[in-house]
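What follows is a single structure, written as structure tokens, with notes after it.
There are 2 protein chains.
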Amino acid sequence: MTRDSSSTLPAPPALFDTAVVAGVGLIGGSVALGLRQRLLARRVIGLDASPEVLREALALGVVDEIQTAPGEWLRAADLVVLAAPMRALAPLARDLAPFLNPHALVTDVGSVKGGIAAEMERLGVRSFVAGHPMAGSERGGVTHARAALLENAVWVLTPTDHTPLTALSRARTLVESLGGAPVVMPPDAHDALVATISHLPYLASLAMTHMVARDERLSLLAAGGFRDLTRVASGDPRMSRDMVVENKGALREALARFRRQLERLEADLDEPDELLAAALEGKRTRDSLPIVKRSLLPQRHDLVVAVPDRPNQLGAVTQTLGAHGVNIKDIEVLAIREDGGAVRLGLESPEDVQRAAGILAAEGFEVRGRS
Amino acid sequence: MTRDSSSTLPAPPALFDTAVVAGVGLIGGSVALGLRQRLLARRVIGLDASPEVLREALALGVVDEIQTAPGEWLRAADLVVLAAPMRALAPLARDLAPFLNPHALVTDVGSVKGGIAAEMERLGVRSFVAGHPMAGSERGGVTHARAALLENAVWVLTPTDHTPLTALSRARTLVESLGGAPVVMPPDAHDALVATISHLPYLASLAMTHMVARDERLSLLAAGGFRDLTRVASGDPRMSRDMVVENKGALREALARFRRQLERLEADLDEPDELLAAALEGKRTRDSLPIVKRSLLPQRHDLVVAVPDRPNQLGAVTQTLGAHGVNIKDIEVLAIREDGGAVRLGLESPEDVQRAAGILAAEGFEVRGRS
């Protein structure tokens, strides 16, 4: 089949019209960049109490517009992402709630989920889906934000019994469209999980560094392995403190379980065979952990194609690529509206993405690869 | 002054005539290589129960000669280094003791010191100085042995009240000549120290991996930081088990202190200001730990020069280098015997070592840089 490649195709609608990112730091900035670079929102507004942060976000092209305080302007938003630091999250939610459009999808990116989920229910924000993208960087702030930070990241979504299924479905599409891998579980399950794999290790590292701090002779020799082991104690102290305080219930349970495990190992010091079995099991478990978070998931090589609202346009895309030998592994319709839609194609390699983009562009399709 | 560069200089005597390394693995092999490459012993004999290991050691040039069992041949040794695995150390000492020359310096390289020190006292081996080079590698075995493993490594020596000072002095010279940095402390102080910075972290890591092993959902998300944190749980299970069992007394004390620190932090979950102070102190302590063991110490740039037994040869070396603008930061006489000696020169940079070697060689001196 042939297509008139000179025809001007209307841009397909984005997933969202007006997205608001409240708190433009490393994660908020990365979400904003992802929304812009993947054309998921028509415009992205950054809300932050700091004018300097907003100026930088604007200068870096992280957001389209800026606001320093909540207000009536928020009613235009059909997506609101709360990305303030842990302690500021509940107050921020209370400040925004009066202006939220009931049809807006509201989500957050905090690392503890029980509190914010409960707060949103108190505030009557029904279309809230709490989220936790398990991504981070040694360096914080909007300067280090990048859309790639969220790509292939496990992104936990924690709906409650009251969360509308449509909101959950929209949140999942948002996460997938940003390149993340949604994993859905209840808020308390999430919090127990991060208590074990993140907050308990933090507290244990802190306890060990304090032992060294009390005897400086130790620090002479506490290099190598000990330094690796206490790396988490080197994170931002205020953020770390807020995180563990927010999750103290689940953390106390994890501490109790940790103490039981330690006691068992201490008892095994008199049972060398038991201790060997424990050492073997520990090595097996540890070596089976994924090397990097990203390797959890098959690497995604996506191409988003705008599909005008004319008959068999989807077929035209797949047939054109098939004729050129490009193997489409996955296909997903991102948005269908009256004036057209967009589909995400999952391809085999970055090279295939580039080839397919060239082929489809030559046929007159508007394509959006990963920037 | 001028020297006849065509004159043949006798090789200076080594620190030791016959060195025996009992247990030719990663550390034993590295000691043997250091002894050979730095010409510290006239011959190095590898003793190991495994003929394959000995064949490999010989093929790799790690040792000059091999033996599979203790015997009268041991009486020729003036240096005996016990480098068997922890569990095999005491039995090995008992096997060797009847054949040890009373003038031989005997040392070991185990990671726990109280037990072997006591065993040697029971066996009446007076010139024993227990040692622990704090060096290691992910990969064990003689194949991975290299002299550089011990260079700039902290090497703890743990004399008791009964250790002759001459033996301690010889052990210190041995360690320095191998490029290590000797640190002297009593055996129980060493064992308390490694309990805190090595064995406790191992047990804590093991306890955490066991928590993950009991809930496989966790391992999906237990990547990144958690993996770093539990790296020590990935070491050789048998070696790790033996190490902590050998040191269980000190380890139990470290565990008790660790529990107290954890309890205090748990109580601080209700005192956010206290917890912030703890987080700040933890970060300060952790960030002040040396990045790598080697950076603990000023980097050494050594050149060993053979000095024939003629008047003012030491002066000839220093004057020749001075005339060429090479700055000698440190000088140490390694060995003086009737037929000559050797001096170690501490220079400012690897480039200076190379330049000085060229200058002295042109003047007819025999020089030995780091291989």
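Just so you know, the sequences run in chain order A and B.
Per the numbering used here, numbering of the first sequence is gapless, rising by one per residue and ending at 437.
Per the numbering used here, numbering of the second sequence is gapless, rising by one per residue and ending at 437.
Don't be surprised by glycine CBs; every beta carbon is placed ideally from N, CA and C.
Use the C-beta contact count for residue i: other C-beta atoms within 10 angstroms, 16 or more gives buried, fewer gives exposed.
i	result
A:Ser354	exposed
B:Gln385	exposed
A:Thr74	Reliability of the predicted coordinates at A:Thr74 is poor, the pLDDT of 45 falling under 50, and no value is obtained from them.
B:Ile397	exposed
B:Thr296	buried
B:Ser264	buried
B:Leu426	buried
B:Asp227	exposed
B:Pro416	exposed
A:Ala196	buried
B:Val310	buried
B:Glu312	buried
A:Val86	buried
B:Ala115	exposed
B:His169	exposed
A:Ser285	buried
A:Ala213	buried
Suppose contacts are defined by Cβ-Cβ distances below 8 Å. Is residue i in contact with residue j by that definition?
i	j	result
B:Leu321	B:Gly206	no
B:Ser445	B:Pro230	Because residue 445 of chain B is not part of the residues shown, which for chain B are 67 to 437, the question remains open.
A:Glu319	A:Ala258	yes
B:Leu215	B:Ser96	yes
B:Val172	B:His198	no
A:Leu411	A:Leu369	yes
B:Met277	A:Thr262	yes
A:Leu99	A:Ala80	no
A:Arg141	A:Asn167	yes
A:Ala422	A:Val392	yes
A:Ala159	A:Glu185	yes
B:Arg153	B:Asp281	no
B:Ile111	B:Leu155	no
B:Val147	B:Gly180	no
B:Val419	B:His367	yes
A:Thr275	B:Arg102	no
A:Pro303	B:Lys349	yes
A:Val119	A:Val178	no
B:Val208	B:His256	no
In terms of alpha-carbon separation, which member of the options lies closest to residue i?
i	options	result
A:Val250	B:Ala389, B:Val146 and B:Leu287	B:Leu287
A:Ala150	A:Ala143, A:Leu162 and A:Leu140	A:Leu162
A:Leu113	A:Leu145, A:Arg104 and A:Glu337	A:Leu145
B:Val433	B:Thr239, B:Val409 and B:Val147	B:Val409
A:Leu346	B:Ala279, B:Ala343 and B:Leu387	B:Ala279
B:Ala107	B:Leu120, B:Glu185, B:Glu122 and B:Ala143	B:Ala143
A:Gly315	B:Ala333, B:Leu317, B:Phe324 and B:Arg323	B:Ala333
A:Val241	A:Val220, A:Leu266, A:Ala255 and A:Leu342	A:Val220
A:Glu429	A:Asp83, A:Asp302, A:His390 and A:Ser235	A:His390
A:Gly424	A:Val371, A:Asn378 and A:Leu317	A:Val371
Kindly indicate which three-state DSSP category residue i falls into: helix, strand or coil?
i	result
B:Ala247	strand
B:Pro117	helix
B:Thr386	helix
B:Asp368	strand
A:Arg109	strand
A:Ala414	For the record, residue 414 of chain A in the displayed sequence is Glu; it is not Ala. A:Glu414 falls in the coil class under three-state DSSP.
B:Asp70	Because B:Asp70 carries a pLDDT of 43, less than 50, the predicted location of this residue cannot be relied on, and the following value inherits that uncertainty. It is coil, neither helix nor strand.
B:Lys349	helix
B:Thr84	strand
A:Phe19	Limits of chain A in this structure are 67 at one end and 437 at the other, which puts residue 19 of chain A out of reach.
A:Pro199	strand
B:Asp281	coil
B:Asp144	coil
B:Glu432	coil
A:Val128	coil
A:Ala149	coil
A:Val172	strand
B:Thr224	strand
A:Pro374	strand
B:Lys314	helix
A:Asp257	helix
(Q) Quick check: the region 127-135 of chain B against the region 88-103 of chain B, are at least 3 beta-carbon pairs closer than 8 Å? (A) yes
Are there three or more Cβ pairs, one per stretch, closer than 8 Å when the region 255-274 of chain A is compared with the region 265-275 of chain B? yes
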